[in-house]
Amino acid sequence: MSLYCGTACRRKIFWCYRLLSTYVTKTRICQARILEWVAVSFSRGSSRSRDQTRIAYIAELERLLSKFGQDSQILEDSVLIGCSEEQEAWFALDLGLNSSSSINASLQKAEIETALQGSFIKLTKALFELNVKDASLLSTAQALLRWHDAHQFCSRSGQPTKKNVSGSKRVCPSNNIIYYPQVAPVVITLVSDGTRCLLVRQSSFPKGMYSALAGFCDIGESLEETVRREIAEEVGLEVDRLHYSASQHWPFPNSTLMIACHATVKPGQTELQVNLRELEAAAWFSRDEVATVLRRNNPSNQQQSGAVPFWLPPKLAIAHQLIKEWVEKPTCSPLPA
Ligand SMILES: NC(=O)C1=CN([C@@H]2O[C@H](COP(=O)(O)OP(=O)(O)OC[C@H]3O[C@@H](n4cnc5c(N)ncnc54)[C@H](O)[C@@H]3O)[C@@H](O)[C@H]2O)C=CC1
Ligand SMILES: [Mg+2]
């Protein structure tokens, strides 16, 4: 492709399935040449199970596309999402497999699954089954591809915008306005009263799952102000002290930067006023209760035993890290908010 002439990098592209559905193939047997890169990865890591969920990196995408009657021109829609340790560029491409209006409408999901000897699975599921590095690549791909899909036209001129080679921006040719991918800051806070932590449920959460309290930053707010406002709005508590823990890119609902904090409220000021327009439930949990759930944090196990009434976000979610941190280091020194 002329677009990438002059780079020494061999393009490795993983297949992305349009809009929130699926980005990963569950590779079972990695014999096909098309999966050569995946096969190499498997043989390097001897402990890996063959059934493990992995991103399918396609070393010979152009050949595969031509097999399915596709013009390799669609590779120009791919976006740069990272780089291997060997400095090979990784691109992601949205194949638009479910879209009848897409230029790729002739690509059939079932045929591609057969060719890849795998199956597409839901992105939300995949993110929690992959290793951290692959999950991060996938999260970047999802957010970037969705952003491009939603910014096809200039909001000033109404003219089509044009993606640059790497996909780091779009430009309106008629007025040279440059559009950059957006990230919305979200604070996620684990509130504690010193001995218990506050966990909440939104109606959209999977059944039985509780998490930390989250909310989007409003324009003009500092992170500290967002934390205070969200906690006051959603459960009616006043934050006494607050400290930052970590952050994570999260591709839902679009592209957010999750900023994780621990907050404490004053002992004696712990009565909850749950905002039922935002939350389905909120409750205080003891360290022992939370530690028990963390130890066996698999919803299906819990259903079988019936012993644990709730479960927590999976390991990869920053909420999980926050909760684990609180269980393991209850006395980390907080800073005044
Ligand atoms: N990775 C993790 O562990 C967790 C991640 N989250 C994420 O945090 C996000 C925010 O949490 P919520 O409690 O839902 O936020 P929230 O408490 O701010 O309420 C969501 C509402 O805020 C409004 N809103 C304001 N700015 C928005 C924007 N830029 N994009 C979308 N909606 C906006 C919308 O009306 C939306 O319905 C969720 O979308 C969820 O994906 C939530 C919990 C755990
Ligand atoms: Mg919220």
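First residue of the sequence shown? That's 1 in the UniProt record's numbering, and the numbers climb one at a time after it. Even glycine gets a Cβ: it sits at the ideal position worked out from N, Cα and C.
Review point. Taking any heavy atom of ligand 1 as the mark, which residues have a C-beta closer than 7 Å to it, listed down the chain?
Key: Ala184, Val186, Ile188, Gln202, Ser211, Ala212, Ala214, Gly215, Phe216, Glu230, Glu234, Gln248, Trp250, Phe252, Pro253, Asn254, Thr256, Met258, Glu278, Pro313, Ala317, Ile318, Ala319, His320
Review point. Does DSSP put Lys169 in a helix, a strand or coil?
Key: coil
**Study point:** Distance, Phe285 Cα to Ile103 Cα
**Key:** Confidence at Ile103 is low in this model, with a pLDDT of 48, below 50, so its placement is unreliable and the value that follows should be read with caution. Those two C-alpha atoms are separated by around 52 Å.
Check your understanding: Whose C-beta lies closer than 8 Å to the C-beta of Glu153 among residues of the same chain, with five residues either side of it excluded?
Key -> The residue asked about is misnamed: residue 153 is Phe in this sequence, not Glu. Excluding sequence neighbours, Phe153 sits near Gln159, Pro160, Thr161.
Review point. Tell me which same chain residues have a C-beta within less than 7 Å of the C-beta of Lys26, skipping the five on either side of it?
Key: Residue placement at Lys26 cannot be trusted, given a pLDDT of 36 that sits under 50; the coordinates are not used to answer.
**Study point:** One or two residues paired with Gly82 in a DSSP bridge
**Key:** Trp90
**Study point:** Separation of Lys163 from Asn176, as counted between CA atoms
**Key:** 12 Å
**Study point:** Expected contact under 8 Å - CB spacing of Ile188 and Ala212 to nearest Å
**Key:** 5 Å
Check your understanding: Arg170 to Leu144, Cα distance in whole Å?
Key -> 11 Å
Review point. Would you call the stretch 238 to 254 and the stretch 202 to 219 touching, i.e. three or more CB-CB distances under 8 Å?
Key: no
Check your understanding: When the Cα atoms are used, what is the spatial distance from Pro253 to Glu224?
Key -> 23 Å
Exercise for review: Given a cut-off of 8 Å, decide if Ile81 and Ala150 are closer than it, judged by their beta-carbon atoms.
Suggested key: no
Review point. Taking DSSP as the reference, what is the three-state secondary structure of Gln202?
Key: coil
Review point. Would the stretch 269 to 281 and the stretch 233 to 240 be scored as touching if the rule is three or more Cβ pairs under 8 Å?
Key: yes
Exercise for review: Answer yes or no: do Ala184 and Ser255 have a C-beta to C-beta separation smaller than 8 Å?
Suggested key: yes
Exercise for review: Note down, in chain order, each residue of its chain lying with its Cβ closer than 6 Å to the Cβ of Ser157, except the 5 sequence neighbours on either side.
Suggested key: Cys172, Ser174, Asn175
Check your understanding: Considering only C-alpha positions, which residue in the set Arg196, Leu130, Ala281 is nearest to Phe205?
Key -> Ala281
Review point. In three-state DSSP terms, what is His243?
Key: strand
Exercise for review: Report the three-state DSSP secondary structure of Phe252 (helix, strand or coil).
Suggested key: coil
**Study point:** Residue environment, Ile219, which counts as buried when at least 16 other CB atoms sit within 10 Å
**Key:** exposed
Point to revise | Nearest-angstrom beta carbon gap, His262 and Leu322 [assumed within contact, 8 Å] | key: 7 Å
Check your understanding: Taking C-beta to C-beta, are Ser72 and Leu93 nearer than 8 Å?
Key -> no
Practice item. Could you round the C-beta distance between Val327 and Leu294 to whole angstroms and report it? I think they count as a contact, below 8 Å. Key: 6 Å
Review point. In terms of DSSP beta bridges, what is Cys261 paired with?
Key: Thr189, Tyr244
Point to revise | Phe310: first and last residue of the uninterrupted beta strand (DSSP E) it sits in | key: Counting along the chain, Phe310 falls outside any beta strand (DSSP E), and DSSP gives it neither H nor E.
Check your understanding: Skipping 5 residues on each side, what residues in its chain have a beta carbon closer than 6 Å to that of Thr226?
Key -> Val187, Cys217
Exercise for review: Please work out which residues of its chain come closer than 8 Å, Cβ to Cβ, to Leu257, disregarding the five sequence neighbours upstream and downstream, and give them in chain order.
Suggested key: Val183, Ala184, Pro185, Val186, Ser247, Gln248, His249, Trp250
Practice item. Could you tell me the boundaries of the beta strand (DSSP E) in which Ala291 lies? Key: Unbroken run through Ala291 is the alpha helix (DSSP H), 287 to 295; no beta strand (DSSP E).
Review point. In whole angstroms, what separates the C-alpha of Asn131 from that of Glu86?
Key: 19 Å
Review point. Out of Cys197, Tyr179, Val165, Gly208, which has the shortest C-alpha to C-alpha gap to Pro314?
Key: Gly208
**Study point:** Collapsed DSSP secondary structure at Phe120 in the structure displayed
**Key:** strand
**Study point:** Residues near Ile178 in its chain [Cβ-Cβ closer than 6 Å; skip 5 each side]
**Key:** Lys169, Val171
Exercise for review: Assign Phe128 to one of three DSSP states: helix, strand, or coil.
Suggested key: helix
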